[in-house]
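Engineer:
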Amino acid sequence: MILAFGLFVACIIGFFLVRFILSFLQEKDLLQRSLDYRLLSVTLYDAPDAEVKRDWKQEVAVSEQLFGVLANFKAPVVLEIAVPNVGEEIHFYFAAQASELDGLYQQVQSFWPHAEIEKCDDYNIFHPQGGSLVGYLKQDKENVLPIKTYDRMEEDALLPILSVFSSLAKEGDGMSFQVVFKKAHPSTIKSLKRILEELQKGGSLKEAAEKAGGGSVTKELGKSFGSALKVMTEQKKEDETSKPERKESDSDLIELVNRKISKPLLEVNVRLVVSSETEVRAQTIMDQLSATFPQFFEPRGNALEMQKMGGKKEQQGFYDFSFRYFRRAHMLLFNTQELSSLVHVPTKPILDMPKIKKRKARSAPPPLNLPLEGIELGESLFRGDKKVVRMMEARLLILMVTLRRTCWGISPKSDGMMWYISTPLTQSTR
Amino acid sequence: MSDTANFQEHIEAVRKDFEKRVGQTSDLAPIQEKEIVKEIVQEKFSPRVSVQSSSQTVPQSDDQGTGTGVQTPPASTHKDLEQQYQRVVDGFIQNALTGDLGKVVQAVNNSNNPWVIDQFHDTLVDKFYSEIKARQQRPA
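Protein chains in written order, with the numbering used here: chain W, 2 to 431; chain U, 108 to 247.
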C-alpha cells in the first residue's frame, strides 16, 4: 500500500517535472525565435482622388489576399498599428523572422507597388513611469462562428479604431494594436469541416461538435463551446415546440460555418496596449478602444470583446507584446476575411485621416547611370535601395549651354550645393 | 557670392568658346551642340574637381555655425525619465552580453516596468542580438 502510494506520488512529481522542463525548453525556443524578428515600416502613397480606382472594400480585399499569402510563412507574421510614446503619427508595421523578411518585403511591395517599405528600428509606446494597460481580443462565442466582415459593412471598421489612435497626445501617450497570425493547424481545419458535415446532417451545433470531437484541437474548440453551448441549448429548448423554425435556424448556422471555412483559416493573437502619463488616462483610452469592437457583431454569429489583463497576467501581456509572442491561450480563429475586416493596410479613407503616416509622392527608380563623383545633391531611396545622387559640375554646364536657345538658366546658390532653375522647364534635358 | 560670380564667369567662357566654334552654322542638331559643349568643358575643366570640393564645405560650415553656437535646450522631463531608465536597460544589456540571456530576460520581465521590457527588447534586437548569437555559436 505504501509502495503504491509512493509510486503514485513519484508519478505526479515526474509528470510536473517533465511538464516544467518542456515548458522551460519551449520558452527558451520562443525567446530565440522572437529575437530573430525584424520590423518593416510600411508607408502608403496617398494618391489624389482622381487616381484612386478602387473603393475601400476592394482595397481591403487586397489585404485579405496578402494575409492569405503571409499565412504560408513558417513563423507567425506580425502586423502592428502604433503610435510611439513620443510622436503622434500613426505607423503601420509588419514583422517577420529575419530569414523571411525579404519574402515579406516582396509580398507587400507586390500588392502596393508605390508603398515605401523600410527596415526600421523598433519603437517604444510606453511611458517610463506612467500607467500602462494591456488587453487581448477574444471571440464572444465558439470560434467556428464568424464575426461581421467588411463585405457586410457600410464603412471601414478600422476607421473608428484609428480615430482613437489619432486622439493621443504628442508626448506621453502611446498605443499599439498588435496582430500575430499564422496558418491554422490542419487538424483545426479538419475539425471545422467535420462540424459543418454534422450540421448538414441536421444536428445542433453541440451535437456536431461532439461528433466531430477527438483531437486536441477539438478539445480547444470544446472549451470555447462551453459558454456558447449554454446559449445554444436554451435556444434549442425554445425551438423544440416548432420544428420548422429549428430547421431554419440550422440552415443559418450552416451558412455561417460555411462562410467561415470558405476562406483560409488563421490562428491569431490580437493585443491592445495603451500607455499614458497616468493610469486613469490610459484606462480612458482603453475604454474608447473597447467601444469600437461591437461593430464586428454578427447576428447569430460571433462578436469580439476585449479582455483586460491584470496582475501577473498583465506583466506577462507586456512581455508577450514586446517580444511578439504567439500564445495559444489567447488564440482566435479567424479566416483571412475576418482578419482583414479587423485590421488591414490603409485604404484611401484611412489615408485621408489626420496623423496617418503617408507619402505625398510616388517613388520612382533613380537613373542607372548616376555619377559616382561630383556635387552631392541628396539621396535616392527606392524599394530599400539607398543611393547618393551627385551631379558633375561639367554636366551642369553642358545642360545650360546646350539649351540656351530655349532661354533656360541654371544658377548656383552661394553654398554651391543647392541648384535652382530660374525659368520653368519646357523640355527634357536629355 | 564669389562662387556664383566664378561660376558665371565659367559659363560665359564656355558660351563664348561655343559661339566661336559653331560660327555661322545655325542648323546644328541639339546632340551636335551637346558634343561641342562637352568638348569645350573637358578642355577647360579637366582634371575634374574631386567629390570633396571646397564648395561642399560651405553649407556644412554654415550649418555648424548655427549649430555650435547654440546651447542644446534643457532636456524635457520625459526625456530625463527616459535617460534615467535607459541606464537600467544598459545594465541589463551588459548582463545579457556577458551572462545567460534567459536569466537576464527573466530579470527584465520581473522589473515590472513595460518601458524597460520594451526598451530592452528593442536595444537587444536592434544593436546587440547578432553579437550575442555569434557568441553563442562560437565554441567554448
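Every residue gets a Cβ at the ideal spot worked out from N, C-alpha and C, and that includes glycine. What you are looking at is a predicted structure, and each value in this text was computed from that prediction instead of being measured.
Grab the span of the beta strand (DSSP E) containing E81/W for me, first residue to last.
Structural biologist: V78 to V84
Engineer: With 7 Å as the limit, tell me which residues of the segment 219 to 236 of chain U have their beta carbon closer than that to any beta carbon of chain A; keep them in chain order.
Structural biologist: Judged by its chain identifiers, the structure shown contains no chain A, and its protein chains are W and U.
Engineer: Give a yes or no on whether the minimum CB-CB distance between F324/W and chain U is below 7 Å.
Structural biologist: yes
Engineer: With a 10 Å radius around its C-beta and 16 neighbouring C-beta atoms as the bar for buried, classify T179/U as buried or exposed.
Structural biologist: Confidence at T179/U is low in this model, with a pLDDT of 36, below 50, so the placement of that residue should be treated as unreliable; the coordinate-derived value is given next. T179/U should be labelled exposed.
Engineer: With a threshold of 7 Å on Cβ separation, who are the neighbours of K210/U within its own chain once the five nearest residues in sequence on each side are excluded?
Structural biologist: none
Engineer: Is it buried or exposed, E235/W, if we count other Cβ atoms within 10 angstroms and call 16 or more buried?
Structural biologist: Because the pLDDT at E235/W is just 49, under 50, the model does not fix this residue reliably, and the value given afterwards should be weighed accordingly. Its Cβ having fewer than 16 others within 10 Å, E235/W is exposed.
Engineer: Taking CB distances under 7 Å as the criterion, tell me whether N202/U reaches chain W.
Structural biologist: For N202/U, the answer is no, since every Cβ of chain W falls outside 7 Å of its Cβ.
Engineer: Where do the ends of the alpha helix (DSSP H) carrying S341/W lie?
Structural biologist: T337 to L343
Engineer: Just how far apart, CA to CA, sit K359/W and F93/W?
Structural biologist: 10 Å
Engineer: Measuring CB atoms only, is the segment 264 to 276 of chain W touching the segment 164 to 184 of chain W, in the sense that at least three cross pairs come out at less than 8 Å?
Structural biologist: yes
Engineer: Taking Cβ positions, are L36/W and Y236/U nearer each other than 7 Å?
Structural biologist: yes
Engineer: Measuring straight from C-alpha to C-alpha, what distance separates V232/U and F95/W?
Structural biologist: 15 Å
Engineer: Compute every distance between the C-beta of I14/W and the non-hydrogen atoms of the ligand PLP, then say whether any falls below 6 Å.
Structural biologist: Among the components modelled here there is no ligand, and therefore nothing to report on the ligand PLP.
Engineer: Taking the alpha helix (DSSP H) that L36/W belongs to, which residues open and close that run?
Structural biologist: Taken as a continuous stretch (DSSP letters only), L36/W belongs to no alpha helix (DSSP H), as it is neither H nor E.
Engineer: Is the CB-CB distance between F298/W and A292/W below 7 Å?
Structural biologist: no
Engineer: F127/W CB to nearest chain U CB: under 7 Å?
Structural biologist: Proximity of F127/W to chain U, defined by a Cβ-Cβ separation below 7 Å, is satisfied.
Engineer: If you count every other CB in all the chains shown that lies within 10 Å of the CB of A241/U, and 16 or more means buried, which is it?
Structural biologist: exposed
Engineer: Less than 7 Å between CB atoms is the rule here; does Y94/W satisfy it with respect to chain U?
Structural biologist: It does not; no Cβ of chain U falls within 7 Å.
Engineer: Excluding sequence positions up to five away, which residues of its chain have a Cβ less than 6 Å from the Cβ of L266/W?
Structural biologist: These residues qualify, in order along the chain: A185, I190 and N336.
Engineer: Under 8 Å by Cβ, that's how I've got A97/W and T44/W pegged, so tell me the actual separation to the nearest angstrom.
Structural biologist: Actually they do not touch by this definition, with Cβ atoms about 18 Å apart.
Engineer: Taking S100/W as the query, report the chain U residues whose CB atoms sit under 8 Å from its CB, ordered along the chain.
Structural biologist: Result: empty, since nearest Cβ-Cβ is about 13 Å, beyond 8 Å.
Engineer: Per the contact definition of three or more C-beta pairs closer than 8 Å, is the segment 51 to 61 of chain W in contact with the segment 317 to 328 of chain W?
Structural biologist: Touching, no.
Engineer: The beta strand (DSSP E) with D386/W in it runs from where to where?
Structural biologist: D386 to M392
Engineer: Could you tell me whether any Cβ in chain W is nearer than 7 Å to the Cβ of E150/U?
Structural biologist: With 7 Å as the cut-off, E150/U does not count as an interface residue toward chain W.
Engineer: Using the beta-carbon of each residue, which ones in chain W are nearer than 9 Å to E116/U?
Structural biologist: Chain W residues near E116/U: none, gap ~12 Å exceeds 9 Å.
Engineer: So, is S205/W buried or exposed, given that buried needs 16 or more other C-beta atoms within 10 angstroms?
Structural biologist: buried
Engineer: According to the neighbour-count rule (16 or more other Cβ atoms, all chains shown, within 10 Å of its Cβ), is I14/W buried or exposed?
Structural biologist: exposed
Engineer: Does the segment 133 to 146 of chain W touch the segment 353 to 370 of chain W, meaning 3 or more C-beta pairs lie closer than 8 Å?
Structural biologist: no
Engineer: Along chain W, which residues have their Cβ under 9 Å away from the Cβ of V129/U?
Structural biologist: Per Cβ cutoff of 9 Å: no residues; V129/U is ~11 Å from chain W at best.
Engineer: How would you write the range of the alpha helix (DSSP H) that H185/U sits in, first residue to last?
Structural biologist: T184 to T205
Engineer: With a threshold of 8 Å on Cβ separation, who are the neighbours of L373/W within its own chain once the five nearest residues in sequence on each side are excluded?
Structural biologist: R391
Engineer: For C408/W, decide whether its Cβ has a neighbour in chain U, counting only Cβ atoms nearer than 7 Å.
Structural biologist: In this predicted model, C408/W has a pLDDT of only 38, less than 50, meaning its place in the structure is not dependable; the value taken from the coordinates is given anyway. No, C408/W does not count as interfacial toward chain U.
Engineer: Out of V389/W, L382/W and I196/W, which has the shortest C-alpha to C-alpha gap to I376/W?
Structural biologist: V389/W
Engineer: E446/W to F178/W, Cα distance in whole Å?
Structural biologist: This structure gives no information on residue 446/W, because the portion of chain W shown stretches from 2 to 431.
Engineer: Where does S168/W sit, in a helix, a strand or coil, going by DSSP?
Structural biologist: In the structure shown, S168/W sits in coil (DSSP, three-state: anything other than H, G, I, E or B).
Engineer: State buried or exposed for R30/W, treating a residue as buried only when at least 16 other CB atoms are found within 10 Å of its CB.
Structural biologist: Arg is not the amino acid found at residue 30/W; the sequence shown has Asp there. When all chains shown are included, D30/W counts as exposed.
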